[in-house]
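Below: one structure, written as structure tokens.
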Amino acid sequence: MKRLYLLAAAAAATAFAATSALAEDTITVGFTASLTGPLNVDSAGQQRGYEFWRDEVNAAGGIKVGGKSYKVKFVTYDDQSVGGRVQQLYTRLINQDKANFLFSPYSSGLTAPATVITEQYGKIMIDSGGAEEKPFETGNKYLFMVITSASHYLSGAIDALKKYDPHAKLALVYSDDPFSKAVLAAAAQQAKAAGLEVVMDESYSPSTTDFGPIVNKIVSSNADAFLGGGHYSDGATLARQMHDQKANMKWISILVAPADDKFAELGPAALGVTVPSQWELQVNFKPQFGPTTAQFAKAFMDKMHAKADYHAASGYTVGVVLQHAIEQAGSIETDKVAAALNATDITTFFGRVKFATDPGHHGLQAAHQMVLAQWQMVNGKLGRQVVWPEEAKSAPIMFPIKQQ
Amino acid sequence: MPLVRLMRRPFFWILALAIAVFALAPVFGNNVALREALILDAVYITLASNLNLMLGYAGYINFGSIVFFGLGGYTCVWLVNSYHWPLGASLLVAGVCVSVLALIFGLGILRLRGAFFALATVGIVEAVQAFAENFTPWGGSSGIYLSGDIFTPLGGPARALWVIYFMMVAVMGLSLYLSYAIKSSKFGLGLLAIGQNEDAAAILGVPTPLYKALVYSASAFLPAIAGGLYFFKSAFIQPSDAFDLTLSTEALVVAMLGGQGTVAGVAIGAFLYEELRGYLLTSSMFANFQLFVSGALLLLIVLFFPGGLMGFIYRHFPRTQKVLE
Numbered sequence: 001m002k003r004l005y006l007l008a009a010a011a012a013a014t015a016f017a018a019t020s021a022l023a024e025d026t027i028t029v030g031f032t033a034s035l036t037g038p039l040n041v042d043s044a045g046q047q048r049g050y051e052f053w054r055d056e057v058n059a060a061g062g063i064k065v066g067g068k069s070y071k072v073k074f075v076t077y078d079d080q081s082v083g084g085r086v087q088q089l090y091t092r093l094i095n096q097d098k099a100n101f102l103f104s105p106y107s108s109g110l111t112a113p114a115t116v117i118t119e120q121y122g123k124i125m126i127d128s129g130g131a132e133e134k135p136f137e138t139g140n141k142y143l144f145m146v147i148t149s150a151s152h153y154l155s156g157a158i159d160a161l162k163k164y165d166p167h168a169k170l171a172l173v174y175s176d177d178p179f180s181k182a183v184l185a186a187a188a189q190q191a192k193a194a195g196l197e198v199v200m201d202e203s204y205s206p207s208t209t210d211f212g213p214i215v216n217k218i219v220s221s222n223a224d225a226f227l228g229g230g231h232y233s234d235g236a237t238l239a240r241q242m243h244d245q246k247a248n249m250k251w252i253s254i255l256v257a258p259a260d261d262k263f264a265e266l267g268p269a270a271l272g273v274t275v276p277s278q279w280e281l282q283v284n285f286k287p288q289f290g291p292t293t294a295q296f297a298k299a300f301m302d303k304m305h306a307k308a309d310y311h312a313a314s315g316y317t318v319g320v321v322l323q324h325a326i327e328q329a330g331s332i333e334t335d336k337v338a339a340a341l342n343a344t345d346i347t348t349f350f351g352r353v354k355f356a357t358d359p360g361h362h363g364l365q366a367a368h369q370m371v372l373a374q375w376q377m378v379n380g381k382l383g384r385q386v387v388w389p390e391e392a393k394s395a396p397i398m399f400p401i402k403q404q
Numbered sequence: 405m406p407l408v409r410l411m412r413r414p415f416f417w418i419l420a421l422a423i424a425v426f427a428l429a430p431v432f433g434n435n436v437a438l439r440e441a442l443i444l445d446a447v448y449i450t451l452a453s454n455l456n457l458m459l460g461y462a463g464y465i466n467f468g469s470i471v472f473f474g475l476g477g478y479t480c481v482w483l484v485n486s487y488h489w490p491l492g493a494s495l496l497v498a499g500v501c502v503s504v505l506a507l508i509f510g511l512g513i514l515r516l517r518g519a520f521f522a523l524a525t526v527g528i529v530e531a532v533q534a535f536a537e538n539f540t541p542w543g544g545s546s547g548i549y550l551s552g553d554i555f556t557p558l559g560g561p562a563r564a565l566w567v568i569y570f571m572m573v574a575v576m577g578l579s580l581y582l583s584y585a586i587k588s589s590k591f592g593l594g595l596l597a598i599g600q601n602e603d604a605a606a607i608l609g610v611p612t613p614l615y616k617a618l619v620y621s622a623s624a625f626l627p628a629i630a631g632g633l634y635f636f637k638s639a640f641i642q643p644s645d646a647f648d649l650t651l652s653t654e655a656l657v658v659a660m661l662g663g664q665g666t667v668a669g670v671a672i673g674a675f676l677y678e679e680l681r682g683y684l685l686t687s688s689m690f691a692n693f694q695l696f697v698s699g700a701l702l703l704l705i706v707l708f709f710p711g712g713l714m715g716f717i718y719r720h721f722p723r724t725q726k727v728l729e
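Protein chains in written order, with this note's numbering: chain A, 1 to 404; chain B, 405 to 729.
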């Protein structure tokens, strides 16, 4: 009997030693995802990107710091898309789950409340799911964003228009939601700076289903370039109705909707439509760190059985950037890694990543460029091609749009 | 003096003890994780208790109680952000403004009864949300982001979250005492009469339109302050969060589960509901089907405890009726 006790004690001791050894070589990354509530579809894509990165890093032996390898462990909860819950859960992630680093929840509206907690405890949080700039203008020290912010979403479209049609007359028609309004407000300013004329600037309710009257207004404004949209259904309907009512636009840029493969269902109405995108499968940057686009896309397809989209790519990039900073810092201490993030300037398959370091915009993405994808006929089938910027393009731009 | 009369009853002291335990529980061991869970409990208890004034006493279903919370949040965050007012003054002004607004709204829509009143309250939520989305000083649909500096007057972010917690518990405590005080007053008796039969109450001399508007306005004051604290703490407010109908509906469900018309029942219902959600969300066993489990539990409660939690307790322990209000 006594022997049994000894044995049990020994077993417990080994188990304890094993877990503590394990704990020593693990980096805990915490985040919440919106598994329920209105943000769940977009949040799921981002989470797949995070998880795919973790699996890849661990399969390759973990993150290497000063001759030691750290495996990555995730702790994650459902935040129900509610700000108050986000604060509760990030407090828990930091204090109870002892997360070393944090990833952001999805959307600017949830990142802002999370930041109150992470900044307070001086924890690094990397953001890939909130494109608004306001959270970066409030003096945060440990918040970093890998994606291009809202005010630069349509910069590429404006540049392309300036090059191909400096006398374009623009109609800006967009959904009345925070993101679309921020994007189009910035686009209106950039258009003026580029000498383009804005002949119509109007928002519509996000629940609009019939765009007939709006399209009539676009036609009577004599606009020949369209910039706007918002979410999938309104963007797709706008494209279809502009085609049906023969609005004869030379240029159409719509947010979000044309980035979805479903957009091909519109047939001829989809042809020539451009969409700003954080990342496309066709993008060909030469990575200094991490996989190439082709390697990423194939590995993602093999493991997740789905085509990688930009939510997954930006989620993955968050991980890659953290890994790079930890390896550069040679430490998992927050201040050293934060310094390494401030100094980061690398190109991954997602594009260049560099963070603003001035106090008024600290952590905002300063280098990543959006690409402009255009729906074109590829081998007799509709598909997206990257047409802007010139150095990333996979096909020549179609301008003006040729109606069929 | 009514307060002295209330203080002679044991329930007054039971409440005081419960609130003190609630306030001090996370202080021991500096348990911030517990504090963050409890502050959400306090929000739910505040919302449900004030909703109970309308629902449980006067018998009016208000789907729009979230309007008070959201408007209070907006007023407070706006005053702090644009005019650099101190938090306390902003909260007080938010509470008073929203109450006055509720009185004006109330005199209008409280002519409606039953389902029509309930529908009108949903309409108010939509209207106020549309207003906030288009009101430029409030940031329109992208809302207001507060800078981290707002916590400096409260002693930095770490201390500020404690201060906010104690203030939120105070608001919760005041909500409970308000419910209790109204229930024990002549005003409360009038409301209960309206809840039983409004026409009969009017004939017996209860000034029904005035009482209804007053209770509607009273039920706005503390939720507005709670909203101010909540969104100040989040450092962010936008229309879709501020006027989220889900929270309104949850407050209704909670009040019914706990036992509408009772002070303790509604509070315990709100506490248990939020603790259950919080537990399911973070438990390794249930996290993946937390909605399913909470749905099934709610169904069981509705099926087997139709009178809510207090109804069950009163039936099985009749003597508690004298102690627990």
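Idealized CB from N, CA, C, for every residue including glycine.
Item                                                                                                                : Value
Three-way DSSP call (helix, strand, coil) for A:M370 in this model                                                  : coil
CB contact below 8 Å: B:Y569 versus chain A                                                                         : no
DSSP three-state assignment for A:A18, whether helix, strand or coil                                                : Confidence in A:A18 is poor, its pLDDT being 46 and thus under 50, which makes the residue's placement too unreliable to answer from.
Distance CB(A:T348)-CB(A:F289) smaller than 8 Å                                                                     : yes
Nonlocal neighbours in the same chain, by C-beta distance under 7 Å from B:C501, ignoring five residues either side : T479
B:V447 - containing alpha helix (DSSP H), residue span                                                              : V436 to N456
Under the three-state DSSP convention, the category A:P276 falls into                                               : strand
Collapsed DSSP secondary structure at A:Q88 in the structure displayed                                              : helix
Residue from A:D177, A:A193, A:N216 and A:Y142 whose Cα sits closest to the Cα of A:G363                            : A:Y142
For A:M200, the three-state DSSP class (helix, strand or coil)                                                      : strand
Helix, strand or coil at A:M1 according to DSSP, with G and I counted as helix                                      : Unreliable placement is indicated for A:M1, whose pLDDT of 44 sits below 50; no coordinate value is reported for it.
Distance between B:G433 and A:A366 (C-alpha atoms, nearest Å)                                                       : 42 Å
For B:L593, the residue or residues it bridges with in DSSP                                                         : None; B:L593 has no bridge partner.
Collapsed DSSP secondary structure at A:V387 in the structure displayed                                             : strand
Interface positions of the region 89-123 of chain A facing chain B (Cβ-Cβ less than 7 Å), listed along the chain    : T91, R92, N95, Q96, G109, A112, P113, V116, E119 and Q120
Chain-ordered neighbours of B:D553 on chain A, where CB pairs are closer than 7 Å                                   : G139
Interface positions of the region 422-443 of chain B facing chain A (Cβ-Cβ less than 9 Å), listed along the chain   : N435, V436, A437, R439, E440, A441 and I443
A:A23 at chain B interface by Cβ criterion, 8 Å                                                                     : Summary for A:A23: the model assigns pLDDT 45, below 50, so the residue's position carries little reliability; its value from the coordinates is reported in the next sentence. Output row for A:A23: interface = no.
Within-8 Å CB hit, B:Q642 to chain A                                                                                : yes
A:D127 - partner residues in DSSP beta bridges                                                                      : A:M145
Local Cβ density within 10 Å of A:E265, reported as buried at 16 or more and exposed below that                     : exposed
Rounded Cβ spacing between B:S469 and B:A655 (contact assumed at less than 8 Å)                                     : 6 Å
Chain A contact residues for B:G547, given Cβ-Cβ distances below 8 Å                                                : G109 and P178
Own chain, CB closer than 8 Å to B:A424, minus 5 neighbours either side, in chain order                             : none
Given B:N538 as reference, the closest of A:Y90, A:F101, A:K181 and A:T317 once Cα atoms are compared               : A:K181
Residue burial classification, B:G699 (beta-carbon count within 10 angstroms, cutoff 16)                            : exposed
CB contact check: B:E678 to chain A, cutoff 8 Å                                                                     : no
Residue-chain proximity (A:E202, chain B), Cβ-Cβ < 8 Å                                                              : no
Min CB distance B:V447 to chain A below 8 Å                                                                         : yes
Cβ-Cβ distance between B:S583 and A:E132 below 8 Å                                                                  : no
From A:A60, A:Y70, A:I124 and A:Y77, residue whose alpha carbon lies closest to that of B:Q694                      : A:Y77
Rounded straight-line distance, which links the Cα of A:Y232 to that of A:P258                                      : 8 Å
Short CB-CB distance (under 8 Å) between B:A562 and chain A                                                         : yes
Between the CA atoms of A:L255 and A:A193 - distance to the nearest angstrom                                        : 21 Å
The region 301-320 of chain A contacting the region 42-51 of chain A, beta-carbon criterion three pairs below 8 Å   : yes
C-beta contact flag for A:F350 and A:W279 at 8 Å                                                                    : yes
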